[in-house]
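S.K.: Questions regarding the structure given below will be posed in turn.
Number of protein chains: 2
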Amino acid sequence: MRYEELADEPCSITRPLVIFGDRWTLLILKYSFAGIRRFNAFQNALGISRSRLLDRLDRLVEHDILTKQPAAVGAYEEYRLTPKGHDIYPILMAIRDWGDTYMAADGPPVHYLHRECPNAGSTGEAHVRLECDSCGNELTARDITPTPGPGLRVKH
Amino acid sequence: MRYEELADEPCSITRPLVIFGDRWTLLILKYSFAGIRRFNAFQNALGISRSRLLDRLDRLVEHDILTKQPAAVGAYEEYRLTPKGHDIYPILMAIRDWGDTYMAADGPPVHYLHRECPNAGSTGEAHVRLECDSCGNELTARDITPTPGPGLRVKH
DNA sequence: ACGTTCGGTCTCATTTCGAGACTGAACGTT
DNA sequence: AACGTTCAGTCTCGAAATGAGACCGAACGT
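Chains as they are written, first to last, in the working numbering: chain A, -15 to 140; chain B, -15 to 140.
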């Protein structure tokens, strides 16, 4: 099976992965969140080949995760996150939480601080929490029962 | 740059992605969470080629995300999630939240219900929330300031 | 006129991949 | 014992994806 055929799967884990589940795309987005906007800047930061980078940026633009616009000043293009792209941040933070737990023997390389935390001198850090939207308890995989939803019954 | 060289980056987003950031590994783990344990079962569920599947399973076992053991009954092997692997679940749920929001025009294909939710007839659903561990407020990328941590200062 | 920077294109050797046949071990049935 | 089945795992081969880096034209400053 070709990987792209998975795009039709009725699964909200699979479908996003067809867009950004390859080896480079989430890293490109990581740099987008870090403020990188220009083609050459991505290429220098990542070491990805130019044609590969262009493929990936084009795909992200096509899916409205990034926009491509001429810069306000200067003669170059800018790739910037859309609101849809902005909402990918929790995915990166979930990966980071796992990485800090299991792959950071020397401690976290980067702290992600809550800039204007009202508590205790702004020492709060951002973490992802899986919780129930009704009772608010923290959940793990064992607490969850998958159940068919409306998107599963639709024929295409 | 070869992709695997990124494993040395002092970044807790990059390092996990070198393990499971390719086109198949997170999908394999999705089926692990769904209860799939056997080689042929993964292959049938995913349509991945056998040699590719073996590569990916071997890598997950090598990184202690899955274990490989003979089944209690029957003459076959079982690949099962370790606690370390179990903690990947929030990453999949973060992807799913985004997929349900932006790629599920017909509604979510699957509901992930809180099985024993104390509220209102167990209608609670699992969602990922990015929050401050100090004040508890929900955060977005704009609220966060990345700051160097201990893992960045270590020489290798 | 000239050099620089920019995003983008092109070519080519290497690597990765999908498809599917094949292997050998374990087991059940007759 | 002979046979078929199921199992994970291996092998080969053609196709696709990738990395490296040269190359291009447009825009800009001097």
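By construction, the Cβ of each residue, glycine as well, lies at the ideal position given by its N, Cα and C atoms.
Given that residue 68 (chain A) touches chain B, what residues does it touch there, using C-beta distances under 7 Å?
M.R.: Near residue 68 (chain A) (Cβ distances below 7 Å), the residues of chain B are 86.
S.K.: What in chain B is Cβ-close to residue 17 (chain A), meaning under 7 Å?
M.R.: Per Cβ cutoff of 7 Å: 125.
S.K.: Helix or strand or just coil, what does DSSP make of residue 140 (chain A)?
M.R.: Its pLDDT being 48, under 50, residue 140 (chain A) is placed unreliably by the model, and nothing is read from it.
S.K.: In angstroms, rounded to a whole number, what distance separates the CA positions of residue -8 (chain A) and residue 111 (chain B)?
M.R.: Distance between the alpha carbons of residue -8 (chain A) and residue 111 (chain B) is about 23 Å.
S.K.: Nearest-angstrom Cα distance between residue 80 (chain B) and residue -13 (chain A)?
M.R.: Taking the straight line joining both Cα atoms gives about 18 Å.
S.K.: Grab me the residues of residue 40 (chain B)'s own chain with a C-beta within less than 6 Å of its C-beta, minus the 5 sequence neighbours each way, in chain order.
M.R.: Correct list, in chain order: 8, 9, 12.
S.K.: On a CA-only basis, which of A:-11, A:77, A:32, A:134 is nearest residue 32 (chain B)? Give me that one, please.
M.R.: Taking only the C-alpha atoms, the option nearest residue 32 (chain B) is A:-11.
S.K.: Buried or exposed: where does residue 61 (chain B) fall if 16 or more other Cβ atoms within 10 Å of its Cβ makes it buried?
M.R.: By the 10 Å Cβ count, residue 61 (chain B) comes out exposed.
S.K.: Flag residue 40 (chain B) as yes when its Cβ comes closer than 6 Å to any non-hydrogen atom of the ligand SAH, and as no otherwise.
M.R.: Here there are no bound small molecules, and the ligand SAH is not part of this structure.
S.K.: With 7 Å as the threshold, decide whether the Cβ of residue 114 (chain A) is near any Cβ in chain B.
M.R.: Judged by the 7 Å Cβ criterion, residue 114 (chain A) is in contact with chain B.
S.K.: List in chain order: all unbroken alpha helix (DSSP H) runs of 4+ residues lying wholly within the region 10 to 86 of chain B.
M.R.: Runs of the alpha helix (DSSP H) inside the region 10 to 86 of chain B: 23 to 30, 34 to 46, 67 to 70, 73 to 86.
S.K.: Taking the alpha carbon of residue 25 (chain B) as the reference point, which residue from B:-3, B:64, B:56 has its own alpha carbon closest?
M.R.: Comparing Cα positions, the closest option is B:64.
S.K.: Closest to residue 16 (chain A) by C-alpha separation, out of A:51, A:-3, A:-1, would be which residue?
M.R.: Checking every option, the nearest Cα to that of residue 16 (chain A) belongs to A:51.
S.K.: Give the single residue among B:44, B:87, B:53 whose Cα lies nearest to the Cα of residue 69 (chain B).
M.R.: Considering only alpha carbons, the answer is B:44.
S.K.: Just grab the DSSP bridge partners of residue 113 (chain A) for me.
M.R.: Bridge partners of residue 113 (chain A): B:113.
S.K.: So residue 71 (chain A) and residue 85 (chain B) are in contact, right, with Cβ under 8 Å, and what is the actual spacing, rounded?
M.R.: Indeed they touch by this definition, with Cβ atoms about 7 Å apart.
S.K.: Got a sec? Which residues, its chain only, sit under 8 Å from residue 98 (chain A) by beta carbon, not counting five neighbours each side?
M.R.: Hits under 8 Å: 106, 108, 109, 110.
S.K.: Residues of chain A with CB closer than 7 Å to the CB of residue -13 (chain B), please, in chain order.
M.R.: Per Cβ cutoff of 7 Å: 7.
S.K.: Suppose you measure from the CA of residue 27 (chain A) to the CA of residue 35 (chain A); what does that come to, to the nearest Å?
M.R.: Straight-line Cα distance between these residues: approximately 10 Å.
S.K.: Terminal residues of the continuous beta strand (DSSP E) containing residue 128 (chain A)?
M.R.: 128 to 132 is the extent of the beta strand (DSSP E) around residue 128 (chain A).
S.K.: When the distance is taken between beta carbons, is residue -6 (chain A) closer than 7 Å to residue 134 (chain B)?
M.R.: Contact: no.
S.K.: Whole angstroms is fine: what's the gap from residue 53 (chain B)'s alpha carbon to residue 88 (chain A)'s?
M.R.: Approximately 28 Å between the Cα atoms of the pair.
S.K.: If you check the beta carbons only, do residue 3 (chain B) and residue 47 (chain B) fall under 7 Å apart?
M.R.: The answer is yes: Cβ separation under 7 Å.
S.K.: Check this for me: beta carbons of residue 121 (chain B) and residue 119 (chain A), under 7 Å apart or not?
M.R.: Cβ atoms of residue 121 (chain B) and residue 119 (chain A): not closer than 7 Å.
S.K.: Hey, residue 100 (chain A) and residue 113 (chain B): beta-carbon distance below 7 Å or not?
M.R.: Result no, Cβ atoms of residue 100 (chain A) and residue 113 (chain B) do not sit closer than 7 Å.
S.K.: Decide if residue 126 (chain A) is buried, meaning its Cβ has at least 16 other Cβ atoms within 10 Å, or exposed.
M.R.: Looking at its Cβ environment, which holds fewer than 16 other Cβ atoms inside 10 Å, residue 126 (chain A) is exposed.
S.K.: So, for residue 78 (chain B): in the same chain, excluding its five sequence neighbours on each side, which residues have a beta-carbon less than 6 Å away from its beta-carbon?
M.R.: Closer than 6 Å at the Cβ level, and outside the excluded window around residue 78 (chain B), lie 112.
S.K.: Within 10 angstroms of its Cβ, does residue 83 (chain A) collect 16 or more other Cβ (buried), or is it exposed?
M.R.: Buried, because 16 or more other Cβ atoms sit within 10 Å of the Cβ of residue 83 (chain A).
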